[in-house]
Structure formats: structure tokens, C-alpha cells
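*Asks:* Before we start, here is the structure in question, set down as C-alpha cells.
Number of protein chains: 2
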Amino acid sequence: MKDQNKIPYKIYLEEKEMPKQYYNVKADMKKKPAPLLNPVSFKPMTAEELGKVFCDELVKQELDDTTAYIDIPQEIIDFYKMYRPAPLVRAYCLEEKLGTPAKIYYKFEGNNTSGSHKLNSAIAQAYYAKKQGLKGVTTETGAGQWGTALSMACAYLGLDCNVYMVKVSYEQKPFRREVMRTYGAKVTPSPSTTTQVGRKILEQHPGTTGSLGCAISEAVEAAVTRDGYRYVLGSVLSQVLLHQSIIGLETKTAMDKYGIKPDIIIGCAGGGSNLGGLISPFMGEKLRGEADYRFIAVEPASCPSLTRGKYAYDYCDTGMVCPLQKMYTLGSGFIPSANHAGGLRYHGMSSVLSELYDQGLMEARSVGQTEVFKAAEEFARVEGILPAPESSHAIKAAMDEAIKCKETGEEKTILFGLTGTGYFDLKAYENYNNGTMTDYVPTDMELQEGFESLPKVPECI
Amino acid sequence: MKDQNKIPYKIYLEEKEMPKQYYNVKADMKKKPAPLLNPVSFKPMTAEELGKVFCDELVKQELDDTTAYIDIPQEIIDFYKMYRPAPLVRAYCLEEKLGTPAKIYYKFEGNNTSGSHKLNSAIAQAYYAKKQGLKGVTTETGAGQWGTALSMACAYLGLDCNVYMVKVSYEQKPFRREVMRTYGAKVTPSPSTTTQVGRKILEQHPGTTGSLGCAISEAVEAAVTRDGYRYVLGSVLSQVLLHQSIIGLETKTAMDKYGIKPDIIIGCAGGGSNLGGLISPFMGEKLRGEADYRFIAVEPASCPSLTRGKYAYDYCDTGMVCPLQKMYTLGSGFIPSANHAGGLRYHGMSSVLSELYDQGLMEARSVGQTEVFKAAEEFARVEGILPAPESSHAIKAAMDEAIKCKETGEEKTILFGLTGTGYFDLKAYENYNNGTMTDYVPTDMELQEGFESLPKVPECI
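Just so you know, the sequences run in chain order X and Z.
Numbering follows my numbering, in which position 109 of the first sequence is assigned residue number 124; successive positions increment by one, without gaps.
Numbering follows my numbering, in which position 379 of the second sequence is assigned residue number 394; successive positions increment by one, without gaps.
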């Protein structure tokens with residue numbers, strides 16, 4: 016295999032080479048993302064308003080669009096050392112299998128018990144909560160990746176962790192629930208009788224199996240109505256992209272060390288936490304005019320917020336209690352089909368990535384579920400790792416780009432983010448193996464219905 | 016934390032530092048393990064006889080007790096580079112939690128999709144089968160770790176992989192089955208109608224949910240009755256310990272690099288593949304009189320082959336088709352209770368480890384299931400990794416030794432093998448979390464029944 020003597024299969028940074036600061040890409044954006052709005056008054060959210068829901072330090076990070084580098088506290092670095100640096104892998108076997116002249120690299124974030132990159136932000140959010148002297152945090156989880164990551168971080172810091180888990184997942188996916196319980200989290204099936212909003216929903220729909228929107232509303236209520244608690248969220252927010260910048264910073268350090276420059280950088284995109292984190296430092300160079308890269312966001316055809324959504328102010332949750340955010344969105348009323356990539360089943364997109372996309376600095380494409388699993392299987396068989404369905408969207412796009420290189424003879428360097436492993440997604444693989452997987456693409460009329468749920472925000476904002 | 020500036024959290028060797036030869040501990044043993052016997056004639060198995068069941072090169076390795084170092088073929092090294100070197104981790108957080116002056120290290124073998132160290136031997140066995148020009152291999156699997164590892168190795172090499180999976184696991188643990196299918200393996204619930212022995216058992220016991228013994232018999236029959244197939248086994252055999260010596264060799268290189276010398280080396284013991292692999296190079300030093308170490312094998316109280324078994328010739332399988340091996344055993348007729356550590360539910364023990372234990376070169380102890388899960392949970396919460404139930408036996412013993420050091424004030428260095436992750440063992444964790452886990456210790460009478468199944472081998476052997 017071509018570069019084997021120069022470039023190892025896996026580039027591991029030494030612990031002393033790990034980033035000591037997060038990078039805030041907003042600082043280098045000339046046109047900044049639009050501010051968060053109060054969902055009732057439509058006025059920009061103040062730090063005081065946000066502070067009722069989120070920790071003070073995280074509010075500061077959320078609103079900061081001028082500080083480029085923010086120190087990572089030593090306690091967080093110590094935690095990172097238990098599972099980071101994450102390897103940057105040269106996909107020698109995949110290259111050989113595809114017969115491509117392209118050089119393919121992936122940053123693998125799955126080597127930890129949460130199984131994904133979510134842990135990078137979970138520990139940061141839990142740390143700031145602890146530092147503020149809080150008793151605990153509340154959150155929601157669907158499939159369970161974020162809930163698992165948060166429960167691990169809270170166990171480490173001795174913080175109370177309350178997870179509202181969508182009832183259907185709680186019952187049908189007991190394994191992630193048990194991981195969370197093993198880490199000491201209190202996992203409540205949502206809707207529950209522990210909150211006002213939960214009780215109301217149960218009254219109105221006695222047999223409901225819940226939804227992510229409902230679980231968010233319960234988690235927010237549980238945080239704001241109890242002393243010593245705040246709400247935390249695993250994606251979409253700017254603070255999450257900030258913490259996830261560690262992915263891109265490590266990647267860039269590893270590539271610089273070996274003199275590698277990527278031509279194309281690819282990531283799957285749900286709420287944007289992984290993609291935003293991976294591309295941040297590279298995008299910074301592009302924004303400052305120091306280098307040029309192609310960035311590709313890959314989303315499921317069943318939930319195409321960038322490729323078919325509208326750039327507008329929208330609710331982040333279906334319960335409409337969170338701040339409004341300007342983003343590419345399908346409308347909070349859009350109900351994504353039961354695609355197996357649960358982490359990409361979100362109606363909107365990070366406001367930072369939305370703004371970068373709107374400025375033409377990033378591309379986006381959507382891919383179908385079956386072709387994604389085909390790519391996942393091919394990848395698993397030659398590269399060993401069984402990828403998460405979410406991550407496999409990036410694999411599919413990377414393979415497509417590598418095949419294009421084969422046709423043109425170009426020796427491009429392709430980098431993609433392998434966000435996690437598929438060990439808790441075997442039901443989806445079973446469907447694929449049995450040939451019973453279906454693809455779903457929403458019709459224009461279905462999208463139109465989603466857009467009708469967009470709030471009527473005055474034009475002057 | 017005390018040594019943090021000297022010793023990183025995780026020691027990763029560079030790829031060029033990876034072992035290039037396996038180490039065969041038998042070469043340094045003055046008194047060798049007893050030879051394998053033909054189960055009918057009670058005469059030592061010849062290479063020719065063994066060659067009907069196993070690949071030629073593996074037969075050679077199985078019988079070799081004089082060559083200390085055996086080259087690892089480059090193709091196997093290339094595969095290893097996809098998931099090795101495995102990290103040697105300093106358990107700083109566990110030490111702090113326990114308040115012990117002891118220094119605790121663990122070699123973590125779970126960072127690959129098979130989730131355990133089994134892959135180290137799977138790729139070697141598949142490679143030699145491929146090199147011999149075979150079409151494929153057959154094997155059995157209970158919980159599925161070994162079957163998964165073998166299917167990954169076969170997918171990589173383009174070799175046919177037939178796994179006989181105990182029917183009750185096939186039906187109740189569909190996830191490992193789906194991983195194997197994703198890697199292209201043919202997974203057959205055992206007993207099946209595809210073999211004579213399977214049909215016979217189904218006739219006699221129409222509703223049976225199978226057993227490991229039956230699955231072994233089916234896999235062996237499927238190998239010997241078809242052209243171009245051989246049978247492979249994931250533990251117990253000397254060849255497996257040879258391949259697994261990569262665990263100990265990497266560990267020793269990493270420790271030598273930082274000037275660390277372990278006082279106590281601990282591993283869980285089922286068939287012995289992990290423990291044998293981890294301790295081999297250290298045991299070699301002890302056998303050659305170059306250094307001294309304490310070695311501790313940890314087994315479940317429910318299946319105590321070393322601590323309560325007999326050192327005698329016995330069948331390796333309940334179907335009694337495999338060669339006889341002299342080992343510490345509970346008798347092939349002993350039926351272990353449904354302990355959650357499926358990988359340790361084996362009636363016998365590697366003949367190499369049995370002989371070392373018999374010579375007093377190694378200690379053994381047994382631990383109860385509930386105390387093992389308690390240790391697993393404590394470990395997970397501070398060290399991040401959710402351990403496999405099997406590996407947690409070693410964690411429990413390491414913690415006990417560290418607590419002893421706290422009492423005596425001794426600064427011992429403790430090394431243990433963390434063989435894998437518990438991502439497919441969440442049912443067991445659920446039992447533990449719900450407080451419904453039970454402990455089982457066989458009575459002397461139950462053990463006696465097992466011993467009655469031992470073959471009557473003439474004394475002169």
C-alpha cells in the first residue's frame with residue numbers, strides 16, 4: 016500500500032500534543048450567525064434569560080462571537096485523556112478495495128463507551144455545572160447516545176444526572192438505558208408524571224409513546240423548576256460546536272505533523288455538532304484566507320434540512336419552550352420518518368453551520384438510507400470498524416468522492432469524520448441484512464406542512 | 016495524580032514497535048504440557064490426525080514446544096495495525112478512587128468491533144487457512160465474541176465463514192448474530208439439520224435449545240466432511256495462546272519503555288487465551304530465572320476449574336470428538352450455571368496454564384458474580400470504559416490487591432488484562448442494576464457428578 020512507510024495506519028498524537036484551547040469559529044466569521052430570540056417576545060435572548068436554563072459559563076460561551084480561542088480547563092483535559100487523543104486513521108484497506116488514487120483519512124471518535132463524539136461536550140457541560148456549584152443536570156435522549164455520554168461525565172464528576180428518554184426508546188432499546196443506569200443516571204420514560212408538561216400530555220394522549228420534543232420540554236421544566244439544576248443539550252448550540260472543535264483541532268495537528276493537507280472534508284450532519292467540530296479549524300483558515308478546502312455536509316434524504324429546508328427563525332424543540340434560532344430548518348412541526356440514523360433525525364441545523372452554508376462556504380448533499388448501509392457494510396468488512404448509521408452517511412459521501420477520483424485519476428486527499436460505532440444499532444443492520452430496509456423521501460407537500468409550523472417572526476429582526 | 020508527568024494515561028506503542036514474532040512459552044518450560052491424545056485410542060495425536068481437523072501450519076504450532084519465537088507473517092501484522100497496538104492504560108482515576116498507593120495498569124483489548132482480544136487469534140487462524148488454499152473455516156460460538164472475531168477476519172481475507180451458534184443465543188442474542196452476518200458469515204442455529212450429529216440430537220431432543228458442546232460437534236463435522244474446510248477454535252489450544260502472546264509482548268515493550276516492572280499480573284481465565292497471552296513473556300522471564308512475578312488467574316466461583324477442578328485428561332468438548340487434553344477440569348459433563356460471563360463458562364483450562372499452575376508458578380482464585388459486577392460498575396464510573404463481565408473478574412482481583420496495598424502501605428505495581436467491553440452484555444448489567452442478580456457456587460456433589468464424566472485413560476500415559 017502506497018504511503019505505508021511514511022504514514023502509519025493510525026496517527027495518535029501524544030497527550031502533550033492535545034489541544035489546550037477550544038476554537039470558536041464564530042470569531043472569524045465576518046457575518047455572524049443571527050442571535051437567539053425569546054420565543055414569546057421575539058427579542059434577542061439576554062444572558063440573564065438564558066441563565067435560567069443553562070449554566071452561566073455556558074451562556075457566556077453561547078453568546079461569545081469574538082473570542083477565537085477559549086482555554087480548556089485542566090479537569091476537562093484530564094477526562095479527555097481517558098479516551099483521547101482519538102486516532103486519525105488512514106483508510107489504506109478501503110483505498111485498496113475501491114482502487115482509488117485518492118488518499119482517505121478518517122477521524123474516529125467511537126473508542127469510548129458512549130460510542131460517539133458526544134462525550135466531548137458532555138464532560139465540558141457537566142464540568143461547568145459542577146463548577147457553578149449545581150447539584151445536577153437534566154437532558155433528553157432519543158436513541159441514547161447523548162444521554163449515555165452525559166451520564167458518564169456526571170458519574171465521573173459526582174453530579175446528579177436526570178435523563179428523559181423517549182418512552183418508545185426506553186422500552187424498545189433497553190440497552191442504552193442500562194448503560195446510563197450503570198453510570199448512575201436517573202432515566203425517566205417520557206412523557207412522565209414527574210412534570211407538568213408530561214402530565215398534561217399524558218392526559219391528552221393516554222397511550223402516547225412520547226417524542227423528542229416532549230422529552231426536551233420535560234427536561235427543561237425539570238431544570239428550571241428545581242433549585243441547583245440546569246438543562247444541557249448535546250447538539251445544535253454554538254457552545255456544543257465549540258467543545259467539539261477538539262475533533263478538528265486534533266485532526267489538524269495530526270495532519271500538520273505528517274504534512275497532510277485535505278482537499279475535501281466530509282461529515283454527517285444532524286444538529287451539526289460533529290460536522291461543526293471537525294471543520295472548525297479548517298473553516299477558520301478558509302475564513303481568514305489562509306487556505307481553501309471543500310466542506311461537504313451529508314444528511315439523510317428523509318430529513319434534508321440543508322438541502323431542502325428554509326433558512327429561517329424556528330423553534331429548537333417541538334414543545335416551543337427553547338429560544339428561537341435562525342437556521343436551515345424543515346419546521347419544528349416536521350416529523351422525520353423512522354430513519355435508523357436517530358442522531359440525524361432533527362428538523363433544524365446549527366445556526367453556525369447554517370450561516371456558513373448560506374454564505375456558500377460549505378456544500379451539502381443528501382443520501383438514502385439503503386445506500387448508506389451498503390457503504391457501512393463495505394467499510395466494516397475492510398476497515399474492521401462497524402460504523403454507526405449516522406457516521407455512515409459520511410462514509411458514503413467519502414466513498415463517492417474517492418470513486419470520482421478513480422474516474423478522473425486525481426490523487427485527492429479526503430478526510431471524513433467517523434463519529435461513532437454501531438453496536439447499539441444492530442436492529443438496523445438486521446433490517447439491511449434481511450433486505451427489508453426501506454428508503455423514504457418526504458414529498459414537497461409534506462415539507463410544506465412542516466414549513467407551516469414556522470413562527471411568524473417580525474421582518475425587522 | 017502522582018506520576019502524571021512521567022507516565023501518560025495511555026501508553027500507545029508506535030506501529031514500528033509492534034512485536035514481529037509470537038512468543039511460545041512452552042519452549043521455556045522444563046516440564047512440558049502433556050501431549051494431546053486420540054479420544055478413542057488414547058495414543059498421542061499425530062500431526063496427520065490433527066491435520067484433518069486443523070490447518071497444517073496451525074497443527075505445527077500446536078505441537079511445537081521447542082521454538083521460542085515464531086515470526087508473525089506481514090499480512091497478519093498489517094491486519095493488527097487496524098486495531099493495534101492496544102493501549103496500556105494507567106488507571107489513575109481508579110487509584111485515586113481507591114486511595115491506594117498501588118500503581119494500577121491495564122492492557123485494554125476492547126477497542127475493536129469484536130469487542131475483545133479474540134481477534135488476535137482469529138486473524139492468525141484465518142490467515143493460515145487462506146494460505147493453505149482452503150475455501151473456508153467452521154467454528155462454534157456461544158455468546159458470540161469468537162464468532163464475531165472470526166467473521167471479521169474472514170471478511171478481510173475473503174474466506175468463507177460458517178458459525179454454529181448455540182440456538183438459545185441465536186434467538187435471544189440477535190445482535191452479535193447480526194454483526195457476524197454484516198461481516199458476511201453464515202450463522203446457523205445449533206443443533207441444525209445441516210449435520211448428522213445435529214439431526215441426531217434434534218431427533219432425540221426435538222425441543223432442545225442447543226449447547227456449546229453440540230455446536231462444537233457440528234462445526235467439527237462440517238469441517239471434516241467438506242473439501243477445503245477446517246475447524247478453528249478460539250481458546251484452550253496452545254496455538255491460541257501463542258497468537259495471544261501479542262498482548263503480553265506489547266505490554267512488556269510498553270512497560271520497559273517507561274521502566275515499569277509489574278509485581279502482580281492478573282487475568283480472567285475461562286479457556287485461558289487472554290491470561291496465557293498476557294502472562295507469556297513475563298512467565299518466560301520467570302521460567303528462565305531472569306525475573307519474578309506473581310501471576311493470578313481469576314475464575315468465576317460458578318465454574319472453578321483451577322481452584323476446585325482435577326488435573327486430568329479430559330474431552331475438550333461435550334460431544335467428545337476433539338482430542339483429549341490434560342488440564343484442570345470439572346469434567347466435560349459438568350454443566351456450568353448460567354453465569355453472565357459466557358466466555359468463562361468452560362469446564363476445562365488451557366493445558367499450558369494448567370501445567371504452570373500445577374508447577375506452582377501461578378496462583379488462582381475464584382470470585383462471585385455479584386461482587387464482580389460491583390467492581391465493574393465502580394471501574395466504569397471512574398475509568399469510563401464499560402467492561403465485559405469476563406474482564407471484570409480481573410478488575411475485581413486487581414481492586415482487591417490494590418486495597419490490600421492501602422492497608423499495608425505497599426506501593427505495588429499491579430497489571431491486569433482488560434479483555435473487552437460489555438456492550439453486548441447489557442442484559443447482565445440490567446439484572447445487576449435491578450438487584451436481581453444471583454450467585455451460584457456448585458456443591459461438592461455437583462462437582463463429583465462432573466468428575467464422573469472424565470474418561471478412563473490408562474495410567475501409563
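For each residue, glycine too, the CB sits at the ideal point set by N, CA and C.
Identify whether alanine 101 of chain X lies in helix, strand or coil by the three-state DSSP scheme.
*Replies:* In the first sequence, residue 101 of chain X corresponds to position 86, counting from 1. Alanine 101 of chain X: coil per DSSP, three-state reduction.
*Asks:* If you draw a straight line from the C-alpha of proline 100 of chain X to the C-alpha of isoleucine 92 of chain X, how long is it?
*Replies:* What you label residue 100 of chain X is simply residue 85 of the first sequence in a count that begins at 1. What you label residue 92 of chain X is simply residue 77 of the first sequence in a count that begins at 1. So the two alpha carbons sit approximately 10 angstroms from each other.
*Asks:* Give the DSSP bridge partners of alanine 312 of chain Z, in chain order.
*Replies:* Walking along the second sequence from the start, residue 312 of chain Z turns up at place 297. Answer is Z/Gly282, Z/Ala379, bridged to alanine 312 of chain Z.
*Asks:* Quick one: residues in its chain with C-beta nearer than 6 angstroms to the C-beta of proline 102 of chain Z, no 5 flanking neighbours on either side, listed in chain order?
*Replies:* One-based indexing of the second sequence puts residue 102 of chain Z at position 87. Excluding positions up to five away in sequence, the list reads Lys25, Tyr27, Phe123.
*Asks:* Going along chain X in order, which residues have a C-beta closer than 7 angstroms to the C-beta of arginine 196 of chain Z?
*Replies:* By one-based count along the second sequence, residue 196 of chain Z stands at place 181. Going along chain X in sequence order, the residues near arginine 196 of chain Z (Cβ under 7 angstroms) are Asn448.
*Asks:* For a minimum of 4 consecutive residues, which ranges assigned as the alpha helix (DSSP H) are wholly contained in the segment 45-111 of chain Z?
*Replies:* 62-66, 71-78, 89-95
*Asks:* At which residue ranges does the segment 105-166 of chain Z contain complete alpha helix (DSSP H) runs of 4 or more residues, listed in the order of the chain?
*Replies:* 107-113, 134-146
*Asks:* Where does aspartate 86 of chain X land, buried or exposed, given buried means 16+ other C-beta within 10 angstroms?
*Replies:* Within the first sequence, residue 86 of chain X is the residue found at index 71, counting from 1. Its Cβ having fewer than 16 others within 10 Å, aspartate 86 of chain X is exposed.
*Asks:* Would you check if the distance between the CB atom of alanine 327 of chain Z and the CB atom of leucine 469 of chain Z is smaller than 9 angstroms?
*Replies:* Against the second sequence, residue 327 of chain Z aligns to sequence position 312. Against the second sequence, residue 469 of chain Z aligns to sequence position 454. Cβ atoms of alanine 327 of chain Z and leucine 469 of chain Z: closer than 9 angstroms.
*Asks:* What did DSSP end up calling arginine 192 of chain X once you bin it into helix, strand or coil?
*Replies:* Numbered from 1 along the first sequence, position 177 holds the residue referred to as residue 192 of chain X. Three-state result, arginine 192 of chain X: helix.
*Asks:* Which value, in whole angstroms, describes the spacing of the CA atoms of glycine 495 of chain X and leucine 174 of chain X?
*Replies:* Residue coverage of chain X in this structure runs from 16 to 476, which leaves residue 495 of chain X outside it and unanswerable.
*Asks:* How is the beta strand (DSSP E) around valine 178 of chain X delimited, first residue to last?
*Replies:* Numbered from 1 along the first sequence, position 163 holds the residue referred to as residue 178 of chain X. Its beta strand (DSSP E) spans residues 175-181.
*Asks:* If contacts are defined as beta-carbon pairs under 8 angstroms, then alanine 170 of chain X and arginine 396 of chain Z qualify, I think. What distance do you get, rounded to the angstrom?
*Replies:* Indexing the first sequence from 1 puts residue 170 of chain X at position 155. Indexing the second sequence from 1 puts residue 396 of chain Z at position 381. Yes, alanine 170 of chain X and arginine 396 of chain Z are in contact; Cβ-Cβ is about 4 angstroms, under 8 angstroms.
*Asks:* Going by alpha carbons, who is nearest to glutamate 474 of chain Z out of Z/Glu464, Z/Val336, Z/Phe57, Z/Tyr246?
*Replies:* As a first step, residue 474 of chain Z must be located in the second sequence, where it is residue number 459. It is Z/Phe57.
*Asks:* Kindly list, in the order they appear in chain X, the residues whose Cβ is closer than 8 angstroms to that of threonine 153 of chain Z.
*Replies:* In the second sequence, the residue the question calls residue 153 of chain Z occupies position 138. Chain X residues near threonine 153 of chain Z: none, gap ~20 angstroms exceeds 8 angstroms.
*Asks:* Starting from leucine 339 of chain Z and walking both ways along the beta strand (DSSP E), at which residues does that stretch end?
*Replies:* Mapped onto the second sequence, residue 339 of chain Z falls at position 324. DSSP places leucine 339 of chain Z in the uninterrupted beta strand (DSSP E) bounded by 339-344.
*Asks:* Below 8 angstroms on the Cβ atoms is my guess for tyrosine 142 of chain Z versus glutamate 90 of chain Z; work out the distance and round it to an integer in Å.
*Replies:* As a position in the second sequence, residue 142 of chain Z is number 127, starting the count at 1. As a position in the second sequence, residue 90 of chain Z is number 75, starting the count at 1. With 8 angstroms as the limit, tyrosine 142 of chain Z and glutamate 90 of chain Z qualify as a contact, their Cβ atoms being about 6 angstroms apart.
*Asks:* List, in chain order, every chain Z residue whose beta-carbon is nearer than 7 angstroms to that of tyrosine 444 of chain X.
*Replies:* Position 429 of the first sequence, counted from the start, is the residue given in the question as residue 444 of chain X. Those are Glu193, Thr197, listed as they occur along chain Z.
*Asks:* For a cutoff of 9 angstroms on Cβ pairs, would you count glutamate 392 of chain X as touching chain Z?
*Replies:* The count along the first sequence starts at 1 and reaches residue 392 of chain X at position 377. The beta-carbon of glutamate 392 of chain X is placed less than 9 angstroms from the nearest beta-carbon of chain Z.
*Asks:* Figure out for me which residue from X/Glu314, X/Gly346, X/Met167, X/Gly228 has the closest Cα to the Cα of glycine 399 of chain Z.
*Replies:* Taking the second sequence and counting its residues from 1, the one referred to as residue 399 of chain Z is at position 384. Cα-wise, what sits closest to glycine 399 of chain Z is X/Met167.
*Asks:* Under 7 angstroms Cβ-Cβ, which residues of chain X neighbour asparagine 53 of chain Z?
*Replies:* Sequence index remark: in the second sequence, residue 53 of chain Z carries index 38 (1-based). Under the 7 angstroms cutoff, chain X gives no residues; its nearest Cβ is about 38 angstroms from asparagine 53 of chain Z.
*Asks:* Check tyrosine 447 of chain X in the structure and name its three-state DSSP category.
*Replies:* Translated into positions along the first sequence, residue 447 of chain X becomes position 432. Helix.
*Asks:* Could you run through the segment 394-423 of chain X and flag, in chain order, every residue whose CB is less than 8 angstroms away from some CB of chain Z?
*Replies:* Ala395, Arg396, Val397, Glu398, Gly399, Ile400, Leu401
*Asks:* Kindly list, in the order they appear in chain Z, the residues whose Cβ is closer than 7 angstroms to that of phenylalanine 190 of chain X.
*Replies:* The residue you call residue 190 of chain X lines up with position 175 of the first sequence. What phenylalanine 190 of chain X touches in chain Z: Leu441.
*Asks:* Quick one: which chain Z residues come within Cβ less than 8 angstroms of glutamate 126 of chain X?
*Replies:* Position 111 of the first sequence, counted from the first residue, corresponds to residue 126 of chain X. The sequence as given places asparagine at residue 126 of chain X; glutamate does not occur at that position. Within 8 angstroms Cβ-Cβ: Asn126.
*Asks:* Under the rule that 16 or more other beta-carbon atoms within 10 Å means buried, what is threonine 458 of chain X, buried or exposed?
*Replies:* Residue mapping note: residue 458 of chain X aligns to position 443 of the first sequence, counting from 1. Threonine 458 of chain X comes out exposed.
*Asks:* Give a yes or no on whether the C-beta atoms belonging to cysteine 283 of chain X and alanine 158 of chain X are separated by under 9 angstroms.
*Replies:* In the first sequence, the residue the question calls residue 283 of chain X occupies position 268. In the first sequence, the residue the question calls residue 158 of chain X occupies position 143. Cβ distance not < 9 angstroms, so cysteine 283 of chain X and alanine 158 of chain X don't count as in contact.
*Asks:* So, alanine 164 of chain Z versus alanine 137 of chain Z, is the Cβ gap smaller than 9 angstroms?
*Replies:* Residue mapping note: residue 164 of chain Z aligns to position 149 of the second sequence, counting from 1. Residue mapping note: residue 137 of chain Z aligns to position 122 of the second sequence, counting from 1. Cβ atoms of alanine 164 of chain Z and alanine 137 of chain Z: closer than 9 angstroms.
*Asks:* Taking the alpha-carbon positions, what's the proline 402 of chain X to lysine 419 of chain X distance?
*Replies:* Position 387 of the first sequence holds residue 402 of chain X. Position 404 of the first sequence holds residue 419 of chain X. Going from the Cα of proline 402 of chain X to the Cα of lysine 419 of chain X covers about 23 angstroms.
*Asks:* Would you kindly report the start and end of the unbroken alpha helix (DSSP H) that includes leucine 433 of chain X?
*Replies:* Counted from its first residue, the first sequence places residue 433 of chain X at position 418. DSSP places leucine 433 of chain X outside any alpha helix (DSSP H); the residue lies instead in the beta strand (DSSP E), whose first and last residues are 428-433.
*Asks:* Does the beta-carbon distance from lysine 442 of chain X to leucine 376 of chain X come in below 9 angstroms?
*Replies:* As a first step, residue 442 of chain X must be located in the first sequence, where it is residue number 427. As a first step, residue 376 of chain X must be located in the first sequence, where it is residue number 361. No, they are not a contact pair.
*Asks:* Would glycine 432 of chain X pass as a contact of serine 406 of chain X if the rule is Cβ separation under 9 angstroms?
*Replies:* The residue labelled residue 432 of chain X in the question sits at position 417 within the first sequence. The residue labelled residue 406 of chain X in the question sits at position 391 within the first sequence. A contact, by the Cβ cut-off of 9 angstroms.
*Asks:* Confirm, please, whether the CB-CB distance from threonine 197 of chain Z to valine 178 of chain Z is below 9 angstroms.
*Replies:* Position 163 of the second sequence holds residue 178 of chain Z. Position 182 of the second sequence holds residue 197 of chain Z. No; because the gap between Cβ atoms is not below 9 angstroms, this pair is not in contact.
*Asks:* Using the C-alpha atoms, what's the distance from lysine 201 of chain Z back to proline 351 of chain X?
*Replies:* If you number the first sequence from 1, residue 351 of chain X lands on position 336. If you number the second sequence from 1, residue 201 of chain Z lands on position 186. Answer to the nearest angstrom: the Cα atoms are 35 angstroms apart.
*Asks:* By DSSP, does valine 202 of chain X sit in helix, in strand, or in coil?
*Replies:* Taking the first residue of the first sequence as 1, we reach residue 202 of chain X at position 187. Residue state, collapsed to three classes: strand.
*Asks:* Are any of the Cβ atoms in chain Z nearer than 9 angstroms to that of cysteine 176 of chain X?
*Replies:* In the first sequence, counting from the first residue as 1, residue 176 of chain X sits at position 161. Not closer than 9 angstroms to any Cβ of chain Z, the Cβ of cysteine 176 of chain X fails to qualify, so no.
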